[in-house]
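Structure first, then comments.
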Amino acid sequence: MRLMGIVTVLLGLVAAPVFAADVGFEEVKIPNGAEPPLIAGIWYPTSSPAAPHALGNVTQTVASDAPLVGDHLPLVVMSHGGAGWYGSHDDTALALAHAGFVAAAVSHAGDTFDDQSHVLQLWRRPEQLHRLVDYLLDTWRGHGQLDPARVGAFGFSNGGFTVLVAAGGLPDLSTIAPFCGTHPNQDLCEALQHAGVDLHIGADVPASAWVHDPRIRAVVIAAPSFGFAFGRTGLSTVQAPVQLWSAADDRHQPHPYYDEAVRDHLPRAPEYHAVANAGHYDFLPPCDERLARLRPEICNSLPGFDRAAFHEQFNANVVQFFQATLQ
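Going by mature numbering (1 follows the signal peptide of the UniProt record, and there is no 0), the letters in the sequence shown line up with residues -20 to -1, 1 to 307, in that order.
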C-alpha cells in the first residue's frame, strides 16, 4: 500500500488532472462601441451530454448552450492569427474546457478570414481582447462562477502579438516599414504588400492606444508575429509567466526575427518549445479533407510531421502550463 501511495503521488506530479465533464459551447455577441458587436465562442465544462455540432468547417462534440458546471473556474481568452476567426483553435479550447477551464475566443473584427479591412491596425486587437475579458467576468451568464484572479491568454501569430500587448508589451509599429524594406522577400512582408497595406499606418500610434489587461496572469504564445517590433524595452513590463512555442521550419515568419526576438527580450525567461519539422500553420488544428482542398497552404505539413499527434501533446502542455500558473 505504501509503494502504491508513492506511485500515485509521483503520477500526480506529472499528469494533468482530468475534469470529468462534457463540454458546453455557445456563441455570443459582445458590444464593441460604435462598431458592430464582436462575435465570440465560449467552451466550458458542463454535465449535459455532448453531441456532434458543426463549427465552421469542422464538427465538434459539445453540448450547445448547456449549463456551466463548477465554481471559481479559471478563464483562458484566445486570440487567433491573421485572417482567422474565433474557431481557429477549437481543439485547444476543447482541451481546456475538458480540464475544467472556461475558454473564450473572439473573432478580431477587421482581421478575419472574411474581413481584412483593418489588417495592420494591430492596436485594435488588444482592445477587443480586453472587451472579451470584460464580458466574461462581468456580463456572461456564467460570470459568477469564474475566478477573476485566474485569467490566462492564448495567442497564435497575430494573436501571439495581441496577448503580448495584453500582458503589458509595448510594440513600435514604425519598425515594420524599414524591416520589410530590408526583408522584402519575407512571406509576411510579401503578404502585406500584396494586400496593398500601408506599412507606415501605425508609425505614429501613441502608447495610449495599446490596451493592457493586468487581469491576465499567464500567457501561451505560438509563433508570434511582429516579434521584432517590441525589443527589450517594449517587453520589459511583461511580468506574467510565458509559454512560447516556435516552429523550427517556420517559413512564413522565418527565424530569428519573431519567436527568438520575443524569447531573448522577455524580462523573465519563458518556457520555450521549439517544434522540430513544424511549419507556421502546424499550430492550427489538423484539417479535414474538405478544408485541405480549400486551403492547402494552411493545411499541408512537411513530410513526416504528424500534426494530429503534435496537437495531442501541444494541447496537453498548454493545459498543464495554465494549471500550474493559474492556481
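We put the beta carbon where it would ideally sit given N, CA and C, even for glycine. These numbers were taken from a predicted model, which means no experiment stands behind them.
Rounded to the nearest angstrom, what separates VAL222 and LYS9 at their Cα positions?
If you number the sequence shown from 1, residue 222 lands on position 242. If you number the sequence shown from 1, residue 9 lands on position 29. Approximately 29 Å between the Cα atoms of the pair.
Would you mind stating whether LEU55 and VAL177 have Cβ atoms separated by less than 8 Å?
By one-based count along the sequence shown, residue 55 stands at place 75. By one-based count along the sequence shown, residue 177 stands at place 197. Contact flag unset, no.
Using the Cα positions of ASP152 and LEU100, report the straight-line distance between them to the nearest angstrom.
Residue mapping note: residue 152 aligns to position 172 of the sequence shown, counting from 1. Residue mapping note: residue 100 aligns to position 120 of the sequence shown, counting from 1. Computed Cα separation, rounded: 13 Å.
Does the beta-carbon of LEU274 have 16 or more other beta-carbons within 10 angstroms, so that it is buried, or is it exposed?
In the sequence shown, the residue the question calls residue 274 occupies position 294. Label assigned to LEU274: exposed.
Excluding the five sequence neighbours on either side, which residues of its own chain have a C-beta within less than 8 Å of the C-beta of PRO47, listed in chain order?
Locating residue 47 in the sequence shown gives position 67, where the first residue counts as 1. If we look at PRO47 and ignore the five residues flanking it on each side, its Cβ neighbours are GLY4, THR26, SER27 and SER28.
What residues are listed by DSSP as bridge partners for TYR24?
Taking the first residue of the sequence shown as position 1, residue 24 is located at position 44. Answer by DSSP bridge pairing, in chain order: GLY4.
In angstroms, rounded to a whole number, what distance separates the CA positions of SER226 and HIS253?
Numbered from 1 along the sequence shown, position 246 holds the residue referred to as residue 226. Numbered from 1 along the sequence shown, position 273 holds the residue referred to as residue 253. Answer to the nearest angstrom: the Cα atoms are 6 Å apart.
Enumerate, from N- to C-terminal direction, the unbroken alpha helix (DSSP H) stretches of 4 or more residues contained entirely within the segment 31 to 99.
If we require 4 residues or more, the alpha helix (DSSP H) runs fully inside the segment 31 to 99 come out as 70 to 78.
List, from N- to C-terminal side, the alpha helix (DSSP H) runs of 4 residues or more that fit wholly inside the segment 153 to 181.
The segment 153 to 181 contains these whole alpha helix (DSSP H) runs: 156 to 162 and 167 to 174.
Can you tell me the Cα-Cα spacing of LEU246 and ALA209, whole angstroms?
Working through the sequence shown from its first residue, we reach residue 246 at position 266. Working through the sequence shown from its first residue, we reach residue 209 at position 229. Distance between the alpha carbons of LEU246 and ALA209 is about 13 Å.
Taking all protein chains shown into account, do 16 or more other C-beta atoms lie within 10 angstroms of the C-beta of VAL298, making it buried, or fewer, making it exposed?
Locating residue 298 in the sequence shown gives position 318, counting from the first residue. That one is buried.
Just list the residues that DSSP pairs GLY132 with in beta bridges.
Counting from one through the sequence shown, the residue named residue 132 turns up at place 152. VAL56 and ALA198.
Have a look at GLY124 and ASP114 and give me their C-alpha separation to the nearest angstrom.
Taking the sequence shown and counting its residues from 1, the one referred to as residue 124 is at position 144. Taking the sequence shown and counting its residues from 1, the one referred to as residue 114 is at position 134. Taking the straight line from one Cα to the other gives about 13 Å.
State the DSSP-derived secondary structure class of TYR252, mapped to helix, strand or coil.
Residue 252 sits at position 272 when you count from the first residue of the sequence shown. Three-state result, TYR252: strand.
Spatial neighbours of ALA77 within its chain, please: CB distance less than 7 Å, with the 5 preceding and 5 following residues excluded, ordered by chain position.
By 1-based counting over the sequence shown, the position of residue 77 is 97. Excluding positions up to five away in sequence, the list reads VAL3, TRP23, TYR24, PRO25 and ALA83.
For ALA296, report the span of its alpha helix (DSSP H) as first-last.
Residue 296 sits at position 316 when you count from the first residue of the sequence shown. It spans 287 to 305 - the alpha helix (DSSP H) in which ALA296 sits, taken as one unbroken run.
Where does SER281 fall in DSSP's three states?
Residue numbering aside, residue 281 sits at position 301 when the sequence shown is read from its first letter. Coil.
Verify whether the separation of the beta carbon atoms of LEU126 and LEU117 is less than 8 Å.
Start at 1 with the first residue of the sequence shown, and residue 126 comes out as number 146. Start at 1 with the first residue of the sequence shown, and residue 117 comes out as number 137. Taking 8 Å as the Cβ cut-off, LEU126 and LEU117 qualify as a contacting pair.
Go ahead and pull the three-state DSSP assignment for PRO106.
On the sequence shown, residue 106 is found 126 positions in, with the first residue counted as 1. Helix, per DSSP.
Under the three-state reduction of DSSP, which class applies to GLN125: helix, strand or coil?
In the sequence shown, the residue the question calls residue 125 occupies position 145. Note: GLN125 maps to helix in three-state DSSP.
Kindly indicate which three-state DSSP category VAL242 falls into: helix, strand or coil?
Stepping through the sequence shown from its first residue, residue 242 is reached at position 262. Helix at VAL242.
Give the DSSP-derived three-state secondary structure of residue 342 in the structure shown.
Given a span of -20 to 307 for the chain in the structure shown, any question on residue 342 remains unanswerable.
Among all the DSSP beta bridges, which residues are the ones paired with VAL222?
Residue 222 sits at position 242 when you count from the first residue of the sequence shown. Bridge partners of VAL222: VAL199.
For ASP239, count neighbouring Cβ atoms within 10 angstroms of its own Cβ and tell me buried if that reaches 16, exposed if not.
What you label residue 239 is simply residue 259 of the sequence shown in a count that begins at 1. Result: buried.
Quick check on this structure: which residue in THR92, TRP103, ALA203 and LEU224 has the alpha carbon closest to the alpha carbon of ASP230?
Position 250 of the sequence shown, counted from the start, is the residue given in the question as residue 230. Residue ALA203 is the option with its Cα nearest to ASP230.
Could you give the distance in angstroms between the alpha-carbon of VAL(-3) and the alpha-carbon of PHE285?
The residue you call residue -3 lines up with position 18 of the sequence shown. The residue you call residue 285 lines up with position 305 of the sequence shown. Bear in mind that the predicted position of VAL(-3) carries a pLDDT of just 40, short of 50, making it unreliable; the figure below should be weighed with that in mind. So the alpha carbons of these two residues sit roughly 28 Å apart.
State the CB to CB distance for the pair ALA85 and GLY21, rounded to an integer number of angstroms; the pair is presumed to be in contact (CB under 8 Å).
Start at 1 with the first residue of the sequence shown, and residue 85 comes out as number 105. Start at 1 with the first residue of the sequence shown, and residue 21 comes out as number 41. Right, their Cβ atoms sit about 5 Å apart.
Alpha carbon to alpha carbon, what distance is there between PRO128 and ILE156?
Counting from 1 along the sequence shown, the entry for residue 156 is found at position 176. Counting from 1 along the sequence shown, the entry for residue 128 is found at position 148. The alpha-carbon atoms of ILE156 and PRO128 are separated by roughly 35 Å.
With H, G and I counted as helix, E and B as strand and the rest as coil, what does DSSP make of LEU18?
Counting from 1 along the sequence shown, the entry for residue 18 is found at position 38. Three-state result, LEU18: strand.
If we count the other Cβ atoms within 10 Å of its Cβ and call it buried at 16 or more, is SER137 buried or exposed?
Counting from one through the sequence shown, the residue named residue 137 turns up at place 157. The residue in question, SER137, is buried, as its Cβ has 16 or more Cβ neighbours within 10 Å.
If distances are taken between C-alpha atoms only, which option among ASP167, THR72 and TYR237 comes closest to PHE263?
The residue given as residue 263 occupies position 283 in the sequence shown. Ranking the options by Cα distance to PHE263, first place goes to THR72.
Can you grab the Cα-Cα spacing for the pair VAL42 / VAL49, in whole Å?
The residue you call residue 42 lines up with position 62 of the sequence shown. The residue you call residue 49 lines up with position 69 of the sequence shown. In a straight line, the C-alpha of VAL42 is about 14 Å away from that of VAL49.
Around the C-beta of GLU269, are 16 or more other C-beta atoms found within 10 angstroms, so that it is buried, or is it exposed?
As a first step, residue 269 must be located in the sequence shown, where it is residue number 289. Under this definition GLU269 is an exposed residue.
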